[in-house]
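In full-length UniProt numbering, the protein residues as written are 1 to 789.
I have placed the structure first, in the form of structure tokens, so that the comments after it can refer back to it.
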């Protein structure tokens, strides 16, 4: 999403403004004969009198301009909340309509395939071949023309009439589905136009506010200079001693500007440079001992294009070379080519089929990316595994009721949708790992592995998938919901599920609505989930292609796990193979809160991140981040140095819907959730298109730092240079947000230590304990991550 965000630092650089110009004018006395020293040179005194009065008038005029600009500022600022709320509301609607559109297209494709099969079956029917009237009616059906009972009467064969009617009714459903797609596409286009209009208005407001900010600084500079001139005139002793303070402006204690909005955008922050606080002028009655004019401190001038001229190095650099040297052995094993190969081996394109109700046609509307995060090797079979795969929760939006324990974990779908099959896909051959220019994917398709092929679980010898962990309502944090309108959020959800009435049935709608009505809050989620399946690689019905893929994935995870004994950033060798202290806790210098032993290895940023997955352009393709432009001399991002010097994740570059106060309502499993708890990290050179959601994110040391979860609305397929984001899997310390709320510490992989994560209610490890209290079917509680969960 290509928006702008004003830094929270602006609030600490507040300008000051006069109460009213009329009050200001009372600060001065008029220059007249009574307070003029009768110098021998009256012309000099008269000239100074003119200068003083002119300066006074100019200062009052400037203060009036400041006051007018501040009123304009307040007017813009007052409208900001409503515009941002509108933008977030439209964004939520876009997300919902996109989901409906994917579902509609899946239904259309399913119906179309069914219609083709039925037509083929009819055309092979012997009675049809002998009936010219039936053949003629089939031509009419194919031309999408309506039929009447009179038309059917021409067939003169009751059995054949029923067959033709069946094909016609199926054809009518296909036409209705096509029309529904067109309506949804039109609705989506209208929403995007409205979104862009609102975004443009917000961007314009930002620049207007920014210019007011800059102009006010300039005006105060000018007042300071004129003060100094007045002071100099005073020191010339042309005024009587008793009125020596009469012509010197004193800035009063002035009202501050309102705090600037904290979050205009989740993905593209702008940090206004800090300036020294503006203090009142030096007391004009105090005279320097040496008689020289008093030097009044000036606020530094800021050019109009100030954000691009700032030194952003502190956000885009590592600690000393000595500090970083300890990681060299790990980095030498984590070269770019190796990391992309390891990611490719453990990553799959992922899609699944579900039924809206018993006996309905299976639908397949979602394609995302998943990766092996853990496994259990059974001890009672030579080559049998339980595989755990990670992806985004929004990829699993129809994955409720997956597994017999769904209700126990609160993963049920009240409308009754149920997963019936899933598929994993990979490129036909191993890709080349070199970087390619942005938007050049068509020219490099063959080099990047060519087409993606899929293997379905039901026909490949693997078990049905089960949802093991979803990061929903995982923090007990009532204050996170302060200020939110529950009734309004529920109404948004009711609008989202309205289509259930006609698409599925009134019972599905009523069940989903009834579930939401009982909620005392719409819970937050984080965009992370894990599903599992069992596979016996030695089974006779095991698909050999899938077997080779899974063997590669298991080996890649073992390679990844093998590096954990090397000195690594943000973790110790005996920790699980994920970051233990996060970048933001490190940046905020909060490691003293139970993590002091990590200060010698903790980083707050990442020079390079490595992401690769399967974005979809009608069909999925393999794609890596970091195009060749990543290392050029251009400046393609706000708040950034040249691309070659920029960090993919710069320190403190995050977004938070909790902080902005504008969480959107998302629909998963026909239930409402708030997007999203805590923070997400904004990154560069990584805008992989839809379908790559759920990809693993490595740093340059080969560590998993999060899961890819967000991309700019304005990104097109193959464009890797737009803003994007990933969801961290851990937050080591409590982080206070600018609105006073707290994002509490959590660990989505292992939140079982309640001394560290007292507010956390569930995690992957804790769910394993719930699902398998006595271990897996072989009695073991061991996985690759946990010696014993």
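Even for Gly, the Cβ is constructed at its ideal location relative to N, Cα and C.
No experiment lies behind these values; they were computed from the predicted model shown.
Test item: CB-CB of residue i and residue j under 8 Å
{"i": "residue 719", "j": "residue 695", "result": "no"}
{"i": "residue 673", "j": "residue 472", "result": "yes"}
{"i": "residue 794", "j": "residue 419", "result": "Missing from the structure shown is residue 794; the chain here goes from 1 to 789 and no further."}
{"i": "residue 400", "j": "residue 388", "result": "no"}
{"i": "residue 758", "j": "residue 582", "result": "no"}
{"i": "residue 767", "j": "residue 468", "result": "yes"}
{"i": "residue 357", "j": "residue 402", "result": "no"}
{"i": "residue 610", "j": "residue 698", "result": "yes"}
{"i": "residue 315", "j": "residue 734", "result": "no"}
{"i": "residue 553", "j": "residue 372", "result": "yes"}
{"i": "residue 87", "j": "residue 190", "result": "no"}
{"i": "residue 779", "j": "residue 763", "result": "no"}
{"i": "residue 202", "j": "residue 56", "result": "no"}
Reference residue i, options the options, closest by Cα
{"i": "residue 458", "options": "124, 534, 708", "result": "534"}
{"i": "residue 94", "options": "70, 441, 186", "result": "186"}
{"i": "residue 671", "options": "193, 91, 108, 494", "result": "494"}
{"i": "residue 334", "options": "748, 702, 730", "result": "702"}
{"i": "residue 621", "options": "347, 752, 629, 525", "result": "347"}
{"i": "residue 75", "options": "212, 404, 345", "result": "212"}
{"i": "residue 584", "options": "640, 184, 655, 355", "result": "655"}
{"i": "residue 631", "options": "616, 608, 615, 619", "result": "608"}
{"i": "residue 363", "options": "351, 700, 68", "result": "351"}
{"i": "residue 120", "options": "110, 132, 138", "result": "138"}
{"i": "residue 741", "options": "717, 203, 481, 777", "result": "481"}
{"i": "residue 629", "options": "721, 640, 591", "result": "721"}
{"i": "residue 408", "options": "772, 777, 781, 780", "result": "772"}
{"i": "residue 756", "options": "775, 326, 730, 157", "result": "730"}
{"i": "residue 572", "options": "143, 326, 89", "result": "326"}
Anticipated Cβ contact below 8 Å, residue i with residue j, distance rounded
{"i": "residue 152", "j": "residue 161", "result": "5 Å"}
{"i": "residue 396", "j": "residue 499", "result": "At roughly 20 Å, the Cβ-Cβ gap does not stay under 8 Å, so residue 396 and residue 499 are not in contact."}
{"i": "residue 658", "j": "residue 677", "result": "7 Å"}
{"i": "residue 527", "j": "residue 739", "result": "The pair is not a contact, with the Cβ atoms about 22 Å apart (cut-off 8 Å)."}
{"i": "residue 490", "j": "residue 470", "result": "Wrong, their Cβ atoms sit about 21 Å apart, outside the cutoff."}
{"i": "residue 463", "j": "residue 428", "result": "So it is not a contact: roughly 26 Å between Cβ atoms."}
{"i": "residue 565", "j": "residue 601", "result": "That belief does not hold up - the Cβ atoms of residue 565 and residue 601 are roughly 14 Å apart, past 8 Å."}
{"i": "residue 140", "j": "residue 147", "result": "6 Å"}
{"i": "residue 448", "j": "residue 486", "result": "About 47 Å; that fails the 8 Å criterion."}
{"i": "residue 181", "j": "residue 106", "result": "About 10 Å; that fails the 8 Å criterion."}
{"i": "residue 595", "j": "residue 732", "result": "6 Å"}
{"i": "residue 230", "j": "residue 60", "result": "That belief does not hold up - the Cβ atoms of residue 230 and residue 60 are roughly 13 Å apart, past 8 Å."}
C-alpha distance - residue i paired with residue j, whole-angstrom precision
{"i": "residue 770", "j": "residue 479", "result": "28 Å"}
{"i": "residue 424", "j": "residue 164", "result": "38 Å"}
{"i": "residue 675", "j": "residue 366", "result": "19 Å"}
{"i": "residue 40", "j": "residue 47", "result": "Confidence at residue 40 is low in this model, with a pLDDT of 48, below 50, so its placement is unreliable and no value can be given for it."}
{"i": "residue 546", "j": "residue 353", "result": "18 Å"}
{"i": "residue 98", "j": "residue 597", "result": "46 Å"}
{"i": "residue 394", "j": "residue 713", "result": "16 Å"}
{"i": "residue 442", "j": "residue 218", "result": "51 Å"}
{"i": "residue 691", "j": "residue 613", "result": "8 Å"}
{"i": "residue 505", "j": "residue 453", "result": "35 Å"}
{"i": "residue 382", "j": "residue 536", "result": "9 Å"}
{"i": "residue 539", "j": "residue 550", "result": "14 Å"}
{"i": "residue 6", "j": "residue 711", "result": "For residue 6, the predicted structure reports a pLDDT of 36, less than 50, and the residue's modelled location is therefore unreliable. A value from the coordinates is still provided. Computed Cα separation, rounded: 20 Å."}
{"i": "residue 117", "j": "residue 134", "result": "17 Å"}
{"i": "residue 49", "j": "residue 209", "result": "38 Å"}
{"i": "residue 561", "j": "residue 555", "result": "10 Å"}
{"i": "residue 415", "j": "residue 398", "result": "11 Å"}
{"i": "residue 221", "j": "residue 58", "result": "13 Å"}
{"i": "residue 68", "j": "residue 215", "result": "12 Å"}
{"i": "residue 642", "j": "residue 434", "result": "22 Å"}
{"i": "residue 313", "j": "residue 321", "result": "15 Å"}
{"i": "residue 455", "j": "residue 749", "result": "28 Å"}
{"i": "residue 652", "j": "residue 233", "result": "48 Å"}
{"i": "residue 378", "j": "residue 339", "result": "28 Å"}
{"i": "residue 591", "j": "residue 603", "result": "11 Å"}
{"i": "residue 781", "j": "residue 576", "result": "16 Å"}
*asked:* Please give the ranges of any beta strand (DSSP E) in the segment 653-722, keeping only runs that are unbroken, at least 3 residues long and fully inside the region.
replied: With a minimum length of 3 residues, the continuous beta strand (DSSP E) runs that stay inside the segment 653-722 are 664-668, 671-675, 680-683, 696-699, 704-711.
*Jot down the residue ranges of each uninterrupted alpha helix (DSSP H) in the segment 318-389, minimum 4 residues, whole runs only, in chain order.*
Those alpha helix (DSSP H) runs which fall completely within the segment 318-389 and span 4+ residues are 321-325, 328-332, 336-346.
*Ignoring anything shorter than 3 residues or poking outside the segment 526-599, list the beta strand (DSSP E) runs there in chain order.*
List check, beta strand (DSSP E) in window: nothing returned.
*Write down every uninterrupted run of the alpha helix (DSSP H) in the segment 143-194 whose length is 4 residues or greater and which is fully enclosed by it, in chain order.*
Counting whole runs of 4 or more residues, the segment 143-194 contains the alpha helix (DSSP H) stretches 149-153.
*Which ranges would you report for the beta strand (DSSP E) in the segment 449-507 if only whole runs of at least 3 residues count?*
Segments of the beta strand (DSSP E) lying fully in the segment 449-507: 452-456, 466-472.
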